[in-house]
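Trainee: Numbering-wise (the numbering used here), the sequence shown opens with residue 447 and increments by one.
Even glycine gets a Cβ: it sits at the ideal position worked out from N, Cα and C.
First the structure, then my questions, so here it is.
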Amino acid sequence: MTASPARTASAVPVAEEARLAAVRRYRILDTPPDGAFDRIASLAARFFDTPMATVAIVDTDRVWFKAAHGLDGVTEVDRASGLCASAILHGEPYVVKDAGTDARAFADPLVQGKPGVRFYAAAPITTADGQRLGTVNVLDTRPREPTDDQLEALQDLAALVMDELELRLSAMRTIAAERDRRAEAERLARVLQRTLLPPALPDVPGLHAAAAYHPASADEVGGDFYDLFPLDDGRWAFFLGDVCGKGAGAAALTSLTRYTLRAAAIYDPDPCAALANLDTVLKGEYQGSDPRYCTAAFGVLQPLPDGSHAITLAGGGHPSALAVRADGSVEPISTAGGQLVGMLPDPQFVQTTTRLWPGESLLLYTDGLTEARTADGAMLGEDGLTRHLTVTAPRTAHELLHSVETLLQRLGDGVSDDTACLALSVPAPSTPRPQENR
447 MTASPARTAS
457 AVPVAEEARL
467 AAVRRYRILD
477 TPPDGAFDRI
487 ASLAARFFDT
497 PMATVAIVDT
507 DRVWFKAAHG
517 LDGVTEVDRA
527 SGLCASAILH
537 GEPYVVKDAG
547 TDARAFADPL
557 VQGKPGVRFY
567 AAAPITTADG
577 QRLGTVNVLD
587 TRPREPTDDQ
597 LEALQDLAAL
607 VMDELELRLS
617 AMRTIAAERD
627 RRAEAERLAR
637 VLQRTLLPPA
647 LPDVPGLHAA
657 AAYHPASADE
667 VGGDFYDLFP
677 LDDGRWAFFL
687 GDVCGKGAGA
697 AALTSLTRYT
707 LRAAAIYDPD
717 PCAALANLDT
727 VLKGEYQGSD
737 PRYCTAAFGV
747 LQPLPDGSHA
757 ITLAGGGHPS
767 ALAVRADGSV
777 EPISTAGGQL
787 VGMLPDPQFV
797 QTTTRLWPGE
807 SLLLYTDGLT
817 EARTADGAML
827 GEDGLTRHLT
837 VTAPRTAHEL
847 LHSVETLLQR
857 LGDGVSDDTA
867 CLALSVPAPS
877 TPRPQENR
């Protein structure tokens, strides 16, 4: 049924504005059918032995039925001529014994048209602060004389509707508050995580460096990390890894891991010794609590007079680094056999050495990249990454990082975990030296 034109705000009494504000507060209008309210309408019809009953909310210009027992296809009526609109003006049950002779009901469409209502009784749905949201109604096509017990039962049903609305409002507020708390915690964790990654990579003489961090989801904070920093003897240390878990706990563990590795490198820059120091710290910090561990690759590079860089790399449960050689081949720099950091009683860390010549590059990455799924559902793996780099043949750290980012974009939803990448390259004589950190 078409609603009448909306009244202007100035024409709405202050008391009605407060009532409508209460209606909006409970967010009940135009919600889907609901078993709880349907049962209340059915009980009302049974108590009164009437063919029709409704749970009605009075809106600005309409009476909307949250539940309508015996009124097939009727979801609302115009407020201006509705019985419910009159019923909410009263704090007690409102009764029309014979609508055919009662002037209050002449204009109601349910009286004048189908189903031809003759009897109507309503109890107001009233908030704790006295606002009447609507009514629980019973309707019949013949005149009736309700008993006091029936009207009392109708009031009880209206109170049940109000109780249900309060419960739902409380649940909505709880969910909203929890959502806000979770969003704030995630925001703080993301801010913390950004502070745990170097804002910019330093300039390394004779080397290009580029790094990137790609979160798999904006709603979860992971624990991937990397760093590049100078040692006192002209060498440079670098590391990349992935701590267990998600969220603020992972961010806190990342902080501990990153600064422990930095301190360990200053104390003893041997890569295996740095991982062993981290292992000791993690076990001491989280002793007696849930295991906190990580995978990590830690390296030290030494510039040499011939323009190359000697690299010593140790791994603790981390994927192999990949070296892109001057001839375009891709070589894994394996630290297979290195065990997780912070997990085992007496872990073994594996160390290897390699050399980067002008025109060659090295990629370190976390397993979010190699564990991504391709279009056919298969895991990308080290072999898939190697094939991709062989085809794209990146020469510089910047090109290497761009090649990986292109691959991540192509994999799309197949990437289910965060990915951190650190690329190092020795420039060919004619290659400019961009530094990039994203």
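1) First and last residue of the beta strand (DSSP E) that includes Thr572?
2) According to DSSP, is Tyr705 helix, strand or coil?
3) Does DSSP put Pro555 in a helix, a strand or coil?
4) Starting from Asp752 and walking both ways along the beta strand (DSSP E), at which residues does that stretch end?
5) How would you label Glu598, buried or exposed, when you count the other beta carbons within 10 angstroms and need 16 or more for buried?
6) Taking DSSP's pairing of strands, which residues face Pro840 in a bridge?
7) Is Ser456 helix, strand or coil when you go by DSSP?
8) If you pair each beta-carbon of the region 739-749 with each one of the region 708-721, do three or more pairs fall below 8 Å?
9) What residue does the alpha helix (DSSP H) around Asp725 start on, and which one ends it?
10) Inspect the beta-carbon positions of Thr781 and Thr798 and report whether they are closer than 9 Å.
11) Between Leu603 and Ile486, what straight-line distance do the alpha-carbon atoms span, to the nearest angstrom?
12) Could you spell out the range, first to last residue, of the alpha helix (DSSP H) harbouring Gly481?
13) Comparing C-alpha positions only, which one of Tyr732, Ala709, Val727 and Ser616 sits nearest to Gly695?
14) What ranges does the alpha helix (DSSP H) occupy inside the region 813-872, keeping only unbroken runs of at least 4 residues that lie completely in it?
15) Skipping 5 residues on each side, what residues in its chain have a beta carbon closer than 8 Å to that of Thr816?
16) Quick one: using the 10 Å Cβ neighbour count with 16 as the cut-off for buried, is Tyr672 buried or exposed?
17) Rounding to the nearest angstrom, what Cα-Cα distance links Ala449 and Ala526 in this structure?
18) On the three-pair Cβ rule with 8 Å, is the region 562-571 touching the region 456-470?
19) Only counting runs of 4 or more residues, tell me where the alpha helix (DSSP H) segments fall wholly within the region 579-663, in order along the chain.
20) Are Leu810 and Ala772 close, meaning C-beta to C-beta below 9 Å?
21) For my contact list, Ala742 and Phe685 are in at a C-beta cut-off of 8 Å; report their separation, rounded to the angstrom.
22) Give me, in chain order, the residues of the same chain whose beta-carbon lies closer than 6 Å to that of Thr572; leave out the 5 immediate sequence neighbours on both sides.
23) Give the DSSP-derived three-state secondary structure of Glu522 in the structure shown.
24) Looking at the structure shown, is Ser775 part of a helix, part of a strand, or coil, going by DSSP?
25) Helix, strand or coil: how does DSSP classify Gly693 here?
26) Tell me whether Thr758 sits in a helix, a strand or coil according to DSSP, three-state version.
27) So the beta strand (DSSP E) Leu674 belongs to, where does it begin and stop?
28) Sort out for me which residues DSSP pairs Cys740 with in a bridge.
29) What is the DSSP secondary structure of Arg391, reduced to helix, strand or coil?
30) What would DSSP say about Thr781, mapped onto helix, strand or coil?
31) Identify whether Arg465 lies in helix, strand or coil by the three-state DSSP scheme.
32) Between Val727 and the rest of its own chain, which residues show a CB-CB distance below 6 Å, the 5 nearest in sequence each way excluded?
Mentor: Taking the coordinates as given:
1) Start at 1 with the first residue of the sequence shown, and residue 572 comes out as number 126. Note, Thr572: beta strand (DSSP E), Phe565 to Thr572.
2) One-based indexing of the sequence shown puts residue 705 at position 259. In this structure, Tyr705 counts as helix in the three-state DSSP scheme.
3) The count along the sequence shown starts at 1 and reaches residue 555 at position 109. Residue state, collapsed to three classes: helix.
4) Within the sequence shown, the letter at position 306 stands for residue 752. Element bounds for Asp752: n/a, residue is neither H nor E.
5) Taking the sequence shown and counting its residues from 1, one reaches residue 598 at position 152. Burial call: exposed.
6) Here the question's residue 840 lines up with position 394 in the sequence shown. BP columns for Pro840 are empty, so no partner.
7) Position 10 of the sequence shown holds residue 456. Note that Ser456 scores 42 on pLDDT, short of 50, meaning its location in the model is unreliable; the coordinates nonetheless yield the value given after this. In this structure, Ser456 counts as helix in the three-state DSSP scheme.
8) yes
9) Within the sequence shown, numbered from 1, the residue matching residue 725 stands at position 279. Per DSSP, Asp725 belongs to the alpha helix (DSSP H) from Pro717 to Glu731.
10) Residue mapping note: residue 781 aligns to position 335 of the sequence shown, counting from 1. Residue mapping note: residue 798 aligns to position 352 of the sequence shown, counting from 1. Contact flag set, yes.
11) Translated into the one-based positions of the sequence shown, residue 603 becomes position 157. Translated into the one-based positions of the sequence shown, residue 486 becomes position 40. Taking the straight line from one Cα to the other gives about 7 Å.
12) Counting from one through the sequence shown, the residue named residue 481 turns up at place 35. Gly481 -> alpha helix (DSSP H) spans Gly481 to Phe494.
13) Here residue 695 corresponds to residue number 249 of the sequence shown, with the count starting at 1. Per the Cα distances, Tyr732.
14) 813-816, 827-838 and 843-857
15) If you number the sequence shown from 1, residue 816 lands on position 370. Closer than 8 Å at Cβ, skipping near neighbours: Pro765, Met825, Leu826, Gly827, Glu828, Gly830 and Leu831.
16) Numbered from 1 along the sequence shown, position 226 holds the residue referred to as residue 672. Answer is buried; the Cβ neighbour count reaches 16.
17) What you label residue 449 is simply residue 3 of the sequence shown in a count that begins at 1. What you label residue 526 is simply residue 80 of the sequence shown in a count that begins at 1. At Ala449 the pLDDT is 38, less than 50, meaning the model places this residue with poor confidence; the figure from the coordinates comes in the next sentence. Roughly 9 Å between the two C-alpha positions.
18) no
19) 594-642
20) Here residue 810 corresponds to residue number 364 of the sequence shown, with the count starting at 1. Here residue 772 corresponds to residue number 326 of the sequence shown, with the count starting at 1. It is not a contact, given that the beta carbons lie outside the stated cut-off.
21) Within the sequence shown, the letter at position 296 stands for residue 742. Within the sequence shown, the letter at position 239 stands for residue 685. Contact holds; Cβ gap of about 6 Å.
22) Looking up residue 572 in the sequence shown gives position 126. Answer for Thr572: Arg578, listed in chain order.
23) Along the sequence shown, one-based indexing puts residue 522 at 76. Strand at Glu522.
24) Taking the sequence shown and counting its residues from 1, one reaches residue 775 at position 329. If DSSP states are grouped into helix, strand and coil, Ser775 belongs with coil.
25) Walking along the sequence shown from the start, residue 693 turns up at place 247. DSSP places Gly693 in helix when its eight states are reduced to three.
26) Here residue 758 corresponds to residue number 312 of the sequence shown, with the count starting at 1. In the structure shown, Thr758 sits in a strand (DSSP, three-state: E or B).
27) Mapped onto the sequence shown, residue 674 falls at position 228. Asp670 to Pro676 is the span of the beta strand (DSSP E), which, as asked, contains Leu674.
28) The count along the sequence shown starts at 1 and reaches residue 740 at position 294. Cys740 is bridged to Val689 and Val787.
29) This structure cannot settle anything about residue 391, because the visible part of the chain is limited to 447 through 884.
30) Translated into positions along the sequence shown, residue 781 becomes position 335. In the structure shown, Thr781 sits in coil (DSSP, three-state: anything other than H, G, I, E or B).
31) Stepping through the sequence shown from its first residue, residue 465 is reached at position 19. In this structure, Arg465 counts as helix in the three-state DSSP scheme.
32) Position 281 of the sequence shown, counted from the first residue, corresponds to residue 727. Excluding sequence neighbours, Val727 sits near Thr706.
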